[in-house]
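The number in the numbering used here is simply the position in the sequence shown, starting from 1, with 11 added. Here the structure comes first, spelled out in structure tokens, and everything after it is commentary.
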Amino acid sequence: MPNYTVDSAILTQFARWIATTAPLFCSDNKDRAKDNVIVEQLPFEQIRLDSLSDYDGNSRLGFIYQYLCQKLFEHHPDFSVCETELQLNDNGRTIGELDFILHHGQTKAEHWEVAIKFYLFHEDKWYGPNAIDRLDKKLNHMLNHQLKHTETDTFIQQFPQWQHLLQHLLLQGRLYINPFSETDIPTHCAGQLINSKRVTGFWCYQSQASQIKEKLFQLNKSCWAIGRQDSSAQVTDFKQNIIHCQSESGRFWFIVANNWPNNG
Numbered sequence: 012m013p014n015y016t017v018d019s020a021i022l023t024q025f026a027r028w029i030a031t032t033a034p035l036f037c038s039d040n041k042d043r044a045k046d047n048v049i050v051e052q053l054p055f056e057q058i059r060l061d062s063l064s065d066y067d068g069n070s071r072l073g074f075i076y077q078y079l080c081q082k083l084f085e086h087h088p089d090f091s092v093c094e095t096e097l098q099l100n101d102n103g104r105t106i107g108e109l110d111f112i113l114h115h116g117q118t119k120a121e122h123w124e125v126a127i128k129f130y131l132f133h134e135d136k137w138y139g140p141n142a143i144d145r146l147d148k149k150l151n152h153m154l155n156h157q158l159k160h161t162e163t164d165t166f167i168q169q170f171p172q173w174q175h176l177l178q179h180l181l182l183q184g185r186l187y188i189n190p191f192s193e194t195d196i197p198t199h200c201a202g203q204l205i206n207s208k209r210v211t212g213f214w215c216y217q218s219q220a221s222q223i224k225e226k227l228f229q230l231n232k233s234c235w236a237i238g239r240q241d242s243s244a245q246v247t248d249f250k251q252n253i254i255h256c257q258s259e260s261g262r263f264w265f266i267v268a269n270n271w272p273n274n275g
């Protein structure tokens, strides 16, 4: 697969979005927020990346996101990056990969998993545009599998220098509701409090798209978080299975096939 290029201007906007956009979940107890595994208080808010080079790598949005998280950590005065994409092997077989091992301050070591996700609410569940993905499943996988790698015997034997790591999950993105269907938006998912400020997107079926009364502009994958650019093309038909776009007024929209989420 050929490498995918994202220019520095887009990367700078994306990095600023990461640094300042609240995660998908928040704490039920503000007094304990700082101790939660799920990150609520962003560590990057004062960090500005103004001299990024173009990105040339994997086209998946998660790879671009992780790359920018690494840059933000590297520019943070209180963090130092010890390991990235650290592979965990068992008898020559890769059984897991850790996003980041960081030093925070002088001595404290931390394990961070980071992800950017977009979910559409339908019949009491938050589905990804690819409906195989669901927010409850993703959260459980990250908390109960990804972050547990460092507690396994395999990890302890392979990396004895990284013991008793503090665990953190940074999960950012956007949540979408269908404005043409009445629904009650849940306050929690998999037992975690949803940040209602991140329920800012809309979605609809192709058959409902004519009810949108303003122009829509299609988003390249690298712009899913930050929104449309001057070069973004106007959407003139809705024949694609999934279209992610932004309206003239700034609203983010997913337009999905009429048989979504059962079209996989």
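The C-beta atom is built at its ideal place from N, Cα and C for all residues, glycine as well.
Does the beta-carbon distance from residue i to residue j come in below 8 Å?
i	j	result
GLU124	ASP110	yes
PHE265	GLY212	yes
SER192	GLU225	no
LEU21	TYR76	First, the amino acid is wrong: residue 21 is Ile here, not Leu. Cβ distance not < 8 Å, so ILE21 and TYR76 don't count as in contact.
ILE205	PHE36	yes
GLN229	ASN269	no
ALA34	LEU150	Rather than Ala, the amino acid found at residue 34 in this sequence is Pro. No, Cβ-Cβ distance for PRO34 and LEU150 is not below 8 Å.
CYS234	VAL246	no
PHE263	ARG145	no
ASN252	CYS215	no
GLY68	ASN102	no
ARG187	LEU227	With the sequence shown as reference, residue 187 is identified as Tyr, and Arg is not the correct amino acid for it. No, they are not a contact pair.
GLU282	GLU94	With the chain covering only 12 through 275, there is no way to say anything about residue 282.
GLN157	ILE49	no
LYS232	SER91	no
THR23	LEU60	yes
ALA201	ASP147	yes
My output table needs one value for residue i: the three-state DSSP class, helix, strand or coil.
i	result
LYS136	strand
ILE254	strand
ILE196	coil
PHE249	coil
ILE205	strand
PHE74	helix
TRP271	coil
ASP42	Caution is warranted here: a pLDDT of 46 is assigned to ASP42, below 50, making its placement in the model unreliable, and the coordinate value is therefore given only provisionally. In this structure, ASP42 counts as helix in the three-state DSSP scheme.
Rounded to the nearest angstrom, how far is the Cβ of residue i from that of residue j, given a contact under 8 Å?
i	j	result
VAL210	ILE196	6 Å
LEU113	HIS160	Going by Cβ atoms, the distance from LEU113 to HIS160 rounds to 15 Å, so no, they are not a contact pair.
PHE25	LEU79	6 Å
PRO140	VAL267	7 Å
LEU63	SER19	5 Å
LEU154	LEU180	7 Å
HIS87	ILE58	6 Å
TYR138	PRO54	No, TYR138 and PRO54 are not in contact; Cβ-Cβ is about 30 Å, not under 8 Å.
SER38	GLU56	Not really, about 17 Å apart at Cβ, beyond 8 Å.
TRP28	ILE237	5 Å
Determine the extent of the alpha helix (DSSP H) in which residue i is found, giving its start and end residues.
i	result
THR163	Premise fails: THR163 is in no alpha helix (DSSP H) and is neither H nor E.
PHE25	19-31
Hey, quick one: how far does the beta strand (DSSP E) through residue i stretch, first residue to last?
i	result
LEU177	177-188
GLN52	Looking at the DSSP string, GLN52 is not in any beta strand (DSSP E), and its letter there is neither H nor E.
PHE263	263-267
GLY68	66-68
PHE228	227-229
CYS215	210-216
Please confirm whether any heavy atom of the ligand ADP lies closer than 7 Å to the CB of residue i.
i	result
TYR216	The ligand ADP is not part of the structure shown, which contains no ligands of any sort.
* **Entirely enclosed alpha helix (DSSP H) segments - the segment 78-156, minimum 4 residues** => 146-155
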